[in-house]
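Residue numbers (the numbering used here): 62 to 303.
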């Protein structure tokens, strides 16, 4: 594993798209998403017609539920998946959610990390500290907690007693979910995919840590159960790394 990571890092910042095997377990989740439909306007010179990002955010027809391509040019480039200098100070193999800047880092050796853009809902700001990825799941079911159902009775069909919302493109947890525990207890805090790519880099009304589905698939393939995670607030990164 260490040699593979070093090989990737030696490829430089252009080595963005990777594959690995992932294992998922069944669970319920307490995160939801909003119906945010606004778009993030790009604030950068036009990109070439064909770029590494075209492949990174291309359609994934081989998924259980085929994922559509992401119109990545409508997202600020700083939120694209990329290698950057690691600003976290955490040991290699740690996930760091930076709630101040809407980034998620996976740290590697030699002072590097992979940075992903994320969107944060209200639940995404309610928990911070250190925990572990207790388990992860591909195409998870979504089960809203009882307090959410009390506020939104229309969600009753997706309650735990009714089996939750089946996986699919409209499921609030998207293509993958990573479940965060602390001291052996479920925090109800999730890292998950979302079809609402336009919410990346934004704070919205609901949800935990949401990612572009193509990015959460990539992250899912890189981390294992018991991966340490830190949820914190970091200083704004220098523009040259964006």
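Each residue gets a CB set at the ideal place from its N, CA and C atoms; glycine is no exception.
Query                                                                                                              : Result
Sufficient close CB pairs (3 or more, under 8 Å) joining the stretch 160-170 to the stretch 261-277                : yes
Nearest to residue 120 (by Cα), restricted to the options 190, 278, 283, 177                                       : 278
Cβ pair count under 8 Å reaching 3, the stretch 220-240 against the stretch 272-287                                : yes
Residues that DSSP places opposite residue 264 in a beta bridge                                                    : 181
Status (buried if at least 16 other CB within 10 Å, exposed otherwise) for residue 259                             : buried
Touching by the beta-carbon criterion (3+ pairs, under 8 Å), the stretch 212-226 and the stretch 187-194           : no
Exposure label - residue 224; buried when at least 16 CB within 10 Å                                               : exposed
Own chain residues within Cβ distance below 7 Å of residue 230, not counting five before or after                  : 126, 256
As assigned by DSSP and simplified to three states, the class of residue 188                                       : coil
Within 8 Å, strictly: CB atoms of residue 228 and residue 205                                                      : no
Cβ shell of residue 250 (< 6 Å), same chain only, five flanking positions each side left out                       : 188, 241, 269
Whole-angstrom distance between residue 248 and residue 212, CA atom to CA atom                                    : 20 Å
Cβ-Cβ distance between residue 168 and residue 295 below 8 Å                                                       : no
Close Cβ partners of residue 142 (< 7 Å) along its chain, the five nearest in sequence each way excluded           : 77, 117, 175, 177, 276, 279
Cα-Cα separation, residue 243 to residue 292                                                                       : 12 Å
Cβ neighbours of residue 226 in the same chain (closer than 7 Å, five flanking residues each side left out)        : 202, 203, 219, 232
4-residue-minimum alpha helix (DSSP H) runs that sit fully inside the stretch 128-214, ordered along the chain     : 207-212
Outcome for residue 297 when other beta-carbon atoms lying within 10 angstroms are tallied against a minimum of 16 : exposed
For residue 294, the three-state DSSP class (helix, strand or coil)                                                : coil
Identity of the residues DSSP links to residue 254 by a beta bridge                                                : 272
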